[in-house]
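Undergrad: When the letters of the sequence shown are read in order and numbered with my numbering, they come out as residues 1 to 326. All residues carry an ideal CB built from backbone N, CA and C; glycine is no exception.
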Amino acid sequence: MSFRIGNLTISPGVLMAPMAGITDSPFRRVLKSLGCPAVVTEMVSAEGLIRQGIGTLTLLDYAPEEKPIIVQLFGSKPDSMAEAARLVSQHGFAAIDINMGCPVPKVVNKGAGAALMREPERAEALVRAVRQASDLPLSVKLRSGWDQTERNVAEVARRLSGAGVDAFFVHPRTRAQAYQGQSDWSLIAETVRAVEQPVIGNGDLHSLADGKRMLDETGCAGLMVGRAALKDPWLPGLLAGVDMPYPATIDERNRVFCMHLDFMLACAGSEQRAVQRMRKHLAWYSQGLRGAAHLRRQLQHMDTADDMRQAFTQLEAINQKRTSTP
Ligand SMILES: Cc1cc2nc3c(=O)[nH]c(=O)nc-3n(C[C@H](O)[C@H](O)[C@H](O)COP(=O)(O)O)c2cc1C
Numbered sequence: 001m002s003f004r005i006g007n008l009t010i011s012p013g014v015l016m017a018p019m020a021g022i023t024d025s026p027f028r029r030v031l032k033s034l035g036c037p038a039v040v041t042e043m044v045s046a047e048g049l050i051r052q053g054i055g056t057l058t059l060l061d062y063a064p065e066e067k068p069i070i071v072q073l074f075g076s077k078p079d080s081m082a083e084a085a086r087l088v089s090q091h092g093f094a095a096i097d098i099n100m101g102c103p104v105p106k107v108v109n110k111g112a113g114a115a116l117m118r119e120p121e122r123a124e125a126l127v128r129a130v131r132q133a134s135d136l137p138l139s140v141k142l143r144s145g146w147d148q149t150e151r152n153v154a155e156v157a158r159r160l161s162g163a164g165v166d167a168f169f170v171h172p173r174t175r176a177q178a179y180q181g182q183s184d185w186s187l188i189a190e191t192v193r194a195v196e197q198p199v200i201g202n203g204d205l206h207s208l209a210d211g212k213r214m215l216d217e218t219g220c221a222g223l224m225v226g227r228a229a230l231k232d233p234w235l236p237g238l239l240a241g242v243d244m245p246y247p248a249t250i251d252e253r254n255r256v257f258c259m260h261l262d263f264m265l266a267c268a269g270s271e272q273r274a275v276q277r278m279r280k281h282l283a284w285y286s287q288g289l290r291g292a293a294h295l296r297r298q299l300q301h302m303d304t305a306d307d308m309r310q311a312f313t314q315l316e317a318i319n320q321k322r323t324s325t326p
């Protein structure tokens with residue numbers, strides 16, 4: 001299984017979904033080291049890029065081993081998106097993705113993210129503007145639609161397919177659903193039938209079996225893994241066919257957590273910031289393990305990287321005891 005976004009081939013056809021506040025450079029490096037074929041940046045504001053906001057510019061940083069890496073832009077104005085596309089075209093990204101799925105009020109109230117699915121004309125103008133501004137392969141990430149009464153993803157995709165889009169990522173939940181409830185894969189299938197371009201399915205991929213079922217049921221060209229990879233960063237590699245002991249053993253969990261922490265220490269600017277940003281990841285890595293609830297209660301009191309390493313080593317000891325005792 002592989003797919004193309006214009007002249008970019010992603011093979012095997014699996015990638016990690018963009019997630020603001022989560023898929024930063026350290027986490028993407030972890031994913032890549034575990035065999036995830038491609039990654040996407042967090043969403044990057046077109047207006048922020050034009051203003052040269054320092055926080056926004058930082059989102060463009062990546063390490064060489066993250067390649068191929070796709071940059072995701074969001075905005076509501078065709079001119080600004082074109083300008084942003086020109087700016088990011090100098091950064092070595094493999095493709096540009098346009099966000100038409102973000103449900104948060106701060107974004108949709110400005111006409112960006114999922115709001116674009118209610119305004120197909122502007123969405124099309126935006127795509128045409130980006131297409132003209134950059135030669136990079138171009139994808140668009142869509143939701144089902146605005147709400148249960150407006151599930152127009154196939155219609156929007158059909159319209160945008162004539163405006164220069166090379167591939168579509170489909171997250172089949174509505175804006176009203178945000179991240180709740182089940183994703184409706186039948187809308188991925190509907191989009192596959194509506195456009196010639198590759199459609200990559202996203203939503204509720206938790207296992208190898210889910211991946212197979214999504215490919216079979218929808219005819220999608222590739223798989224995009226979302227929240228399941230937070231506690232299971234091995235999953236994208238597994239879906240891509242990497243041969244590995246799975247599920248990951250407790251010592252492998254510890255190894256990957258420590259690697260993640262080291263990547264974060266190298267990138268966050270200070271140990272304090274690194275520890276702060278690793279708290280949620282430590283909670284995810286430990287999910288489902290014996291002693292995890294206790295560890296979560298201690299998180300706010302962990303001030304140093306060593307506190308975190310020690311906490312995980314203790315967790316490893318508790319869980320190894322469990323597996324070796326009949
Ligand atoms: C905390 C969080 C942040 C997200 N940020 C982005 C984003 O920046 N851009 C985007 O297109 N989607 C974003 N998403 C949506 C995911 O890419 C994905 O479409 C969604 O989680 C559905 O997949 P899942 O059911 O496998 O989690 C975000 C989701 C979450 C939970």
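#1: By how many angstroms is the C-alpha of residue 221 removed from the C-alpha of residue 38?
#2: List the whole-angstrom C-beta distance separating residue 316 from residue 250, where the pair is believed to meet the contact cut-off of C-beta under 8 Å.
#3: Relative to the C-alpha of residue 74, which residue among 3, 52, 44, 51 is closest?
#4: Give me the Cα-Cα distance between residue 212 and residue 13, rounded to the nearest whole angstrom.
#5: Are residue 93 and residue 136 closer than 8 Å when you measure CB to CB?
#6: Could you tell me the distance, in whole angstroms, from the CA atom of residue 257 to the CA atom of residue 285?
#7: Cβ of residue 319 within 8 Å of Cβ of residue 290?
#8: Can you tell me where the beta strand (DSSP E) holding residue 140 begins and where it ends?
#9: Candidates 78, 179, 30, 48: which alpha carbon is nearest residue 63's?
#10: Closest to residue 149 by CA distance: which of 117, 70, 313 is it?
#11: Output the distance between the C-alpha atoms of residue 77 and residue 128, rounded to the nearest integer angstrom.
#12: Considering only their Cβ atoms, is the gap separating residue 55 from residue 42 smaller than 8 Å?
#13: Looking at C-alpha atoms only, which residue of 140, 88, 244, 69 is the closest neighbour of residue 15?
#14: Restricting to runs no shorter than 3 residues, where is the beta strand (DSSP E) found entirely within the segment 91–178?
#15: Between the Cα of residue 120 and those of 248, 151, 88, 3, spot the shortest distance and give me the residue it belongs to.
#16: Could you check what DSSP says for residue 326 in three-state terms: helix, strand or coil?
#17: Should residue 183 be listed as close to ligand 1, given that the test is whether its C-beta is under 7 Å from any heavy atom?
#18: By how many angstroms is the C-alpha of residue 218 removed from the C-alpha of residue 192?
#19: For residue 4, write down the residues that DSSP places opposite it in a beta bridge.
#20: Could you have a look at residue 236 and say whether DSSP puts it in helix, strand or coil?
#21: Starting from residue 45, follow its DSSP beta bridges and name the residues at the other end.
#22: Hey, residue 281 and residue 260: beta-carbon distance below 8 Å or not?
#23: Under 8 Å: do the segment 239–249 and the segment 262–280 share three or more Cβ pairs, one atom per stretch?
#24: Determine the burial state of residue 144: buried for a count of at least 16 other Cβ atoms within 10 Å of its Cβ, exposed for fewer.
#25: Considering just the uninterrupted stretch of the beta strand (DSSP E) at residue 224, what are its terminal residues?
#26: Just confirm the distance between the C-beta atoms of residue 140 and residue 81, as a whole number of angstroms; I'd bet it's less than 8 Å.
#27: Is it right to say residue 208 is buried, meaning 16 or more other beta carbons lie within 10 angstroms of its own, or is it exposed?
#28: So is residue 324 buried or exposed if we call it buried at 16+ other beta carbons inside 10 Å?
#29: Quick one: is residue 216 buried, meaning 16 or more other Cβ sit within 10 Å of its Cβ, or exposed?
#30: For residue 194 and residue 49, what's the separation of their Cα atoms in angstroms?
#31: Compare the Cα-Cα distances from residue 27 to each of 229, 239, 301 and report the closest residue.
#32: Whose C-beta lies closer than 7 Å to the C-beta of residue 231 among residues of the same chain, with five residues either side of it excluded?
#33: I need the DSSP call for residue 341, collapsed to helix, strand or coil.
#34: Taking 7 Å as the limit between beta carbons, can you name the residues of its chain near residue 189, skipping five residues before and five after?
TA: Walking through what the data contain:
#1: 14 Å
#2: 5 Å
#3: 44
#4: 12 Å
#5: yes
#6: 7 Å
#7: yes
#8: 138–145
#9: 30
#10: 117
#11: 12 Å
#12: no
#13: 69
#14: 95–100, 138–145, 167–174
#15: 151
#16: No answer about residue 326 holds up, because its pLDDT of 42 lies below 50 and its placement is not dependable.
#17: yes
#18: 7 Å
#19: 9
#20: helix
#21: 74
#22: yes
#23: no
#24: buried
#25: 222–225
#26: About 11 Å separates the two Cβ atoms, so there is no contact after all.
#27: exposed
#28: With a pLDDT of 46 at residue 324, under the threshold of 50, the modelled position of that residue is not reliable, and no figure is offered here.
#29: exposed
#30: 33 Å
#31: 229
#32: 284, 285, 287
#33: The requested residue 341 does not occur in the structure, where the chain is confined to residues 1 to 326.
#34: 217, 218, 219
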